[in-house]
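Numbering (my numbering), first residue to last: 1196 to 1332. Written out below as structure tokens is the structure these notes cover.
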């Protein structure tokens, strides 16, 4: 499978459709999160179960979270995507209560591919905008 196709399928199946049973199809046994400073898992290497736990922390507060890939560029073992994320906050986020507000944010992710599987990402997106949209700041 071409690297760009791998990422597009991963985003659709895992993030948009929430088919967590498919994680082993897309992810390497070890997945490292690079330079995502506001992510509690930043700098950590996760196995498949830990990656699923990470997703549950997002899907709980935003069960309808959806990523629309705007651009995808593949260069060797890296696939860079830009995206628009949308969702509705229906459950508590940490200590903040549910707001039932819709959010929209833009971001970019560089996925690192190793032996045909995703081995990690480097990511940046506008978390401040999300906090403002939810009324937390």
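For every residue, glycine included, the Cβ atom is placed at its ideal position computed from N, Cα and C. Since we're looking at a predicted model, the values are computed, not measured.
Item	Value
3-residue-minimum beta strand (DSSP E) runs that sit fully inside the stretch 1214 to 1253, ordered along the chain	1222 to 1229
Boundaries (first-last residue) of the beta strand (DSSP E) holding residue 1257	Note, residue 1257: premise wrong, no beta strand (DSSP E); not H, not E.
Which listed residue (1205, 1291 and 1328) has its alpha carbon closest to that of residue 1255	1291
Nearest to residue 1252 (by Cα), restricted to the options 1269, 1202 and 1287	1287
Residues sharing a beta bridge with residue 1199, DSSP	Paired residues: none, contrary to the question.
Contact between the stretch 1216 to 1229 and the stretch 1313 to 1329 (3+ Cβ pairs under 8 Å)	yes
Residue 1285 - DSSP class collapsed to helix/strand/coil	coil
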